[in-house]
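Participant: Here's a structure for you.
Protein chains: 2
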Amino acid sequence: MKLYERLAKDIEDQISQGVFRRGERIPSVRQTSQHRQISITTVLHAYLLLESKGLIESRPQSGYFVRLPASAARENELRTSKPIAVSAQVDVSRLVLSTLRSIGSGEAVPLGSPYPDPKLFPSDKISRYGSAIVRRKSQWGVADELPPGNPELIRQIARRYLENGEPVDPNEIVVTVGATEAINLCLQAVAKPGDTVAVESPTYYAMLHAIERMGMRAIEVATNPGEGIDLGALAAILAKQRIAACMVMPNFQNPLGFQMPDENKRELVELLARHGVPVIESDVYNELYFGEAHPRSLKSFDTEGLVLHCASFSKSLTSAYRIGWAIAGRFHEQVEKLKFLNTLTTPSIPQLAIAEYLKNDGYEHHLRRVRKVFAQQASLMTATVKRFFPEGTRTSHPMGGYVLWVELPPSVDSMRLYQLALDNGITVGPGYMFSATDSYRNFIRLNYSYTWSPGIEAALITLGKLVAACMR
Amino acid sequence: MKLYERLAKDIEDQISQGVFRRGERIPSVRQTSQHRQISITTVLHAYLLLESKGLIESRPQSGYFVRLPASAARENELRTSKPIAVSAQVDVSRLVLSTLRSIGSGEAVPLGSPYPDPKLFPSDKISRYGSAIVRRKSQWGVADELPPGNPELIRQIARRYLENGEPVDPNEIVVTVGATEAINLCLQAVAKPGDTVAVESPTYYAMLHAIERMGMRAIEVATNPGEGIDLGALAAILAKQRIAACMVMPNFQNPLGFQMPDENKRELVELLARHGVPVIESDVYNELYFGEAHPRSLKSFDTEGLVLHCASFSKSLTSAYRIGWAIAGRFHEQVEKLKFLNTLTTPSIPQLAIAEYLKNDGYEHHLRRVRKVFAQQASLMTATVKRFFPEGTRTSHPMGGYVLWVELPPSVDSMRLYQLALDNGITVGPGYMFSATDSYRNFIRLNYSYTWSPGIEAALITLGKLVAACMR
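Those protein sequences? They're chains A and B, same order as listed.
Residue numbers for the first sequence follow full-length UniProt numbering, so the first one is 1 and each next one is one higher.
Residue numbers for the second sequence follow full-length UniProt numbering, so the first one is 1 and each next one is one higher.
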């Protein structure tokens with residue numbers, strides 16, 4: 001436990017013991033620093049952490065106070081989305097591509113990046129395996145890696161599922177070029193152009209891209225920021241119209257960060273099975289949980305073979321290698337064939353290097369470290385946003401992953417903010433990327449995977465000022 | 001020049017000088033071997049080479065004779081295909097995938113392989129570049145390689161086009177996961193499900209796969225085995241019905257091996273432009289020519305931006321890295337966006353390793369060697385097939401690339417032959433793969449890229465016997 005965590009724990013204990021009572025002022029940052037002989041920064045981090053846990057709050061010019069009962073603080077909470085239930089043609093990819101380009105090209109603070117901080121990943125180790133493999137095996141035919149993919153990698157992926165308590169049939173795994181290809185292949189396997197596909201609102205844009213690419217229509221379903229897709233709203237849509245497929249991220253959804261409760265997962269799978277509707281789940285963040293246990297996938301509730309499960313190593317191990325996979329239930333053969341049609345094979349070396357890493361190295365150890373870092377930084381960023389963004393700002397409560405969803409005051413246009421932020425050397429993910437219907441014009445997505453630093457804190461403070469400037 | 005080539009040249013000179021006249025018997029293999037003090041194998045190779053050039057022929061139990069005038073030998077020539085001009089729904093991928101699997105898995109003689117002999121390729125060098133890159137640069141974000149792809153690789157590809165006398169705009173190049181993805185993206189950019197696409201007959205199956213994947217229909221156009229798609233037949237189809245696109249391989253088509261004459265290329269591009277029909281060319285064999293000069297692409301005749309040019313390094317440099325590209329003319333932006341939607345990015349390391357190789361190493365030197373080997377082996381395999389396959393067998397005359405197209409007597413079913421051959425440890429490419437309409441049931445494709453050896457010769461002799469056994 002780090003110093004600031006220990007301090008936060010002390011104060012939390014004191015609050016629970018009644019040393020400080022609700023509404024009471026706690027010692028100022030400076031006082032505590034002097035009293036405990038620790039740096040201002042450490043105390044500030046501890047207070048931000050407590051703030052993000054809802055235990056204390058800062059009041060301008062007054063200092064920190066033990067927080068009021070939760071019910072009085074609801075105004076800071078995100079509400080369940082209420083998208084208009086019409087299916088929309090999709091064209092968000094141009095915005096996303098140009099956003100990613102501006103994020104990728106410059107020296108800007110990468111708050112808008114969709115990728116995890118590469119410094120946290122064992123790239124060196126995987127690279128060394130890659131080097132050894134290319135030295136050892138200088139000749140390949142494409143035939144070695146024909147779909148479903150490299151057998152050793154498939155074995156290692158299956159082993160990982162087993163370790164996580166969710167055994168899968170290795171014969172169902174098809175290796176793909178990232179989860180992006182997996183999602184595309186799965187969607188093509190279950191639906192055709194013109195079909196309507198139900199998605200969460202807001203939606204991870206790769207889902208919208210897949211729908212766009214295939215000339216399908218998206219219907220955005222109300223989604224609770226803490227529990228995921230609204231099952232009642234989905235049931236109502238299913239009763240009214242034909243839905244070809246449903247696409248969701250049950251664990252640490254991008255951008256909302258929720259983990260669907262197991263009961264909701266079971267109900268969702270059963271509801272869709274009753275209507276014979278396949279569900280495509282992207283579970284790319286499943287290794288990045290903040291809770292005690294590995295979250296369950298929809299796949300683990302599937303008895304009908306109607307869940308098409310997509311995942312990858314891009315968020316948890318290496319984003320440069322572009323290795324994902326699909327486990328497509330009764331659509332397995334079709335997905336395997338479509339993989340062959342789409343890109344023939346997935347490149348060999350990345351497959352072999354990752355297989356070797358999984359076989360030999362501390363994947364679990366690496367993940368434990370990353371989970372802890374992300375959980376801490378989620379708290380820090382949440383607290384910092386709450387402190388420095390204008391009144392009326394609301395944030396998600398990520399239960400895993402590395403993105404924070406921020407609702408800004410209604411008058412703020414996130415594209416304008418995006419542009420202003422870029423001019424100030426900061427990137428953000430504008431809310432427009434997460435819907436085909438412009439439902440999130442005053443929302444942004446922030447990435448908290450990058451090591452917490454004065455630079456990131458300063459960027460968030462600047463961002464708070466820019467948000468204020470965007471308010472009409 | 002190797003010994004057998006020198007011998008062949010001597011005999012060719014003697015024939016042209018009238019030392020041996022048409023219909024005359026030349027010295028037997030044994031006589032020549034003793035007379036010149038060279039091995040039987042070397043003489044046999046020389047004779048096979050001469051035979052493949054049409055200068056001599058073998059007569060059972062009689063020996064080798066200077067050949068009759070060409071007109072008398074027409075019965076050995078392939079004829080222009082006459083496919084039935086109806087558009088067909090396509091489903092050949094299952095056969096191709098299972099064929100490739102059986103080719104890839106075993107120890108069988110790889111006559112059915114679509115891939116070049118990996119031993120001929122500078123895999124070690126490229127691997128070393130790959131290793132150095134992963135050591136040097138251990139951290140990547142995906143953003144580095146967003147479409148259109150790695151800038152240095154794109155620069156090197158553009159440089160190569162310039163060296164080949166066909167300058168292209170680097171800004172038009174989009175890097176893809178092999179030519180397979182390039183073809184898919186291009187087709188999706190120009191046509192939609194239900195559309196009809198004109199293809200050669202026989203057709204390279206990746207074209208049929210792309211059409212199948214998109215739910216389009218293929219119309220197979222008569223194709224001359226020496227000159228490519230029949231422009232009159234195509235014009236007749238264009239006059240009658242709406243064609244969304246045309247897909248061809250102008251250089252060393254797989255499986256026919258022809259190089260379209262420049263005049264035909266120009267006419268094809270103009271004919272399609274008059275109808276406003278885009279043409280997708282796969283030019284993956286363009287570096288593997290047997291003639292004097294690099295063949296021109298359709299792209300080089302394009303003034304309207306209607307040619308979508310696809311190529312890759314898989315046939316000429318490394319098939320394991322899966323690096324291809326598209327140059328899509330007026331459809332460039334659409335293709336770039338579809339690339340982003342389909343697989344987000346192409347893996348970094350393969351792109352960087354190939355860029356490094358192209359920058360530093362003897363690509364041209366490597367290609368000169370490979371071209372020579374393939375040209376020689378084309379002759380050897382052609383001659384061996386002519387010698388050991390039953391009467392009624394016809395072969396293509398490849399002008400580049402590494403596959404030979406063989407028409408067997410009409411009663412032979414190539415799937416039965418494929419199975420029999422596999423039982424004998426030999427693979428062949430059944431003709432069924434090259435058409436959506438079973439037009440090539442008595443054809444096979446043979447790969448001559450593998451270093452000529454007694455094992456390959458023996459396999460061809462066995463194959464000849466199996467063909468005979470398949471004749472009813």
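Idealized CB from N, CA, C, for every residue including glycine.
#1: Starting from T303 of chain A, follow the beta strand (DSSP E) in both directions and report where the run begins and ends.
#2: Near L288 of chain B, which residues of its chain fall below 8 Å by C-beta distance, leaving aside the five closest residues on each side in sequence?
#3: Let's see if you can read the secondary structure: which residues bound the beta strand (DSSP E) around residue 474 of chain A?
#4: Would you kindly work out how many angstroms separate the C-alpha atoms of E107 of chain A and I444 of chain A, rounded to a whole number?
#5: Counting only C-beta atoms, is K337 of chain A closer than 7 Å to chain B at any point?
#6: To which residues does DSSP link R77 of chain B through a beta bridge?
#7: Determine the DSSP secondary structure at H35 of chain A, reduced to helix, strand or coil.
#8: Kindly indicate which residue of B:R22, B:S39, B:H45 has the alpha-carbon position closest to the one of K9 of chain B.
#9: Distance check for A206 of chain B and G215 of chain B, CA to CA, integer angstroms please.
#10: Secondary structure at A222 of chain A, three-state DSSP: helix, strand or coil?
#11: Could you check which residue in A:S28, A:S33, A:L120 has the C-alpha nearest to that of E57 of chain A?
#12: For G291 of chain A, which residues does DSSP report across the bridge?
#13: Taking the straight line between their C-alpha atoms, what separation do you get for R74 of chain A and N171 of chain A?
#14: Counting along the chain, where does the beta strand (DSSP E) carrying V66 of chain B start and finish?
#15: Could you give the first and the last residue of the continuous alpha helix (DSSP H) run that contains R159 of chain B?
#16: Is residue 512 of chain A close to chain B, meaning its C-beta is less than 7 Å from at least one C-beta of that chain?
#17: Short of 6 Å in beta carbon distance, which residues of its chain neighbour S439 of chain B, apart from the five on each side in sequence? Order them along the chain.
#18: Could you name the residues of the same chain whose beta carbon sits closer than 6 Å to that of T462 of chain A, not counting the 5 residues immediately before and after it, in chain order?
#19: Using only CA atoms, which one of B:F290, B:D361, B:S282, B:H332 lies nearest to G324 of chain B?
#20: Of all the CB atoms in chain B, is at least one closer than 7 Å to the CB of V177 of chain A?
#21: Quick check on DSSP: helix, strand or coil for A72 of chain B?
#22: At least one CB of chain A closer than 7 Å to the CB of E181 of chain B: is that the case?
#23: Less than 8 Å between the CB atoms is what I'm expecting for N254 of chain A and R213 of chain A, so what's the real figure, rounded?
#24: At 9 Å on the CB atoms, spell out the chain C contacts of N184 of chain A, in chain order.
#25: Would you kindly check if the distance between the Cβ of A436 of chain B and the Cβ of V428 of chain B is under 7 Å?
#26: Could you name the residues of the same chain whose beta carbon sits closer than 8 Å to that of P409 of chain B, not counting the 5 residues immediately before and after it, in chain order?
#27: For the structure I just gave you, are there three or more beta carbon pairs, one from the stretch 267–287 of chain A and one from the stretch 234–248 of chain A, closer than 8 Å?
#28: Note down the Cα distance separating residue 474 of chain A from I327 of chain A, rounded to an integer number of angstroms.
#29: Less than 7 Å between the beta carbons of L78 of chain A and S414 of chain A, yes or no?
#30: How about L162 of chain A and L380 of chain A: do their beta carbons lie closer than 7 Å?
#31: Measuring CB to CB, does L446 of chain A end up less than 7 Å from F388 of chain A?
#32: Let me know if P60 of chain B comes out buried or exposed under the rule of 16 or more other beta-carbons within 10 Å of its beta-carbon.
#33: Give the residues from the stretch 222–236 of chain B that approach chain A closer than 9 Å (Cβ to any Cβ), ordered along the chain.
#34: Comparing alpha-carbon positions, which option in A:S52, A:Q31, A:L111 lies nearest P430 of chain A?
#35: Please classify A459 of chain A: does DSSP put it in a helix, a strand, or coil?
#36: Check the Cβ-Cβ distances between V92 of chain B and every residue of chain A, and say whether any is below 7 Å.
Facilitator: Working from what's here:
#1: It is not in any beta strand (DSSP E) - T303 of chain A carries neither H nor E in the DSSP assignment.
#2: F252, K315, S316, L367, V370, R371, F374, G400, G401, Y402
#3: Nothing about residue 474 of chain A can be read from this structure; chain A reaches only from 1 to 472.
#4: 20 Å
#5: yes
#6: In the sequence as displayed, the identity of residue 77 of chain B is Glu instead of Arg. Note: E77 of chain B sits in a beta bridge opposite B:T395.
#7: helix
#8: B:H45
#9: 14 Å
#10: coil
#11: A:S28
#12: G291 of chain A pairs with nothing; no bridge assigned.
#13: In this prediction, R74 of chain A scores a pLDDT of 48, lower than 50, which makes its location untrustworthy; the coordinate-derived value is nonetheless stated afterwards. About 48 Å.
#14: 63–66
#15: 151–163
#16: Any property of residue 512 of chain A remains undetermined from this structure, which presents chain A solely from 1 to 472.
#17: P83
#18: N424
#19: B:S282
#20: yes
#21: Low confidence applies to A72 of chain B: its pLDDT is 37, below 50, so where it sits in the model is not reliable enough to give any reading.
#22: yes
#23: Not really, about 18 Å apart at Cβ, beyond 8 Å.
#24: The structure shown has no chain C; the protein chains it does contain are A and B.
#25: no
#26: P390, E391, G392, T393, N442, V467, M471
#27: yes
#28: Because chain A spans 1 through 472 in this model, residue 474 of chain A falls outside it and cannot be assessed.
#29: no
#30: no
#31: no
#32: exposed
#33: none
#34: A:L111
#35: helix
#36: no
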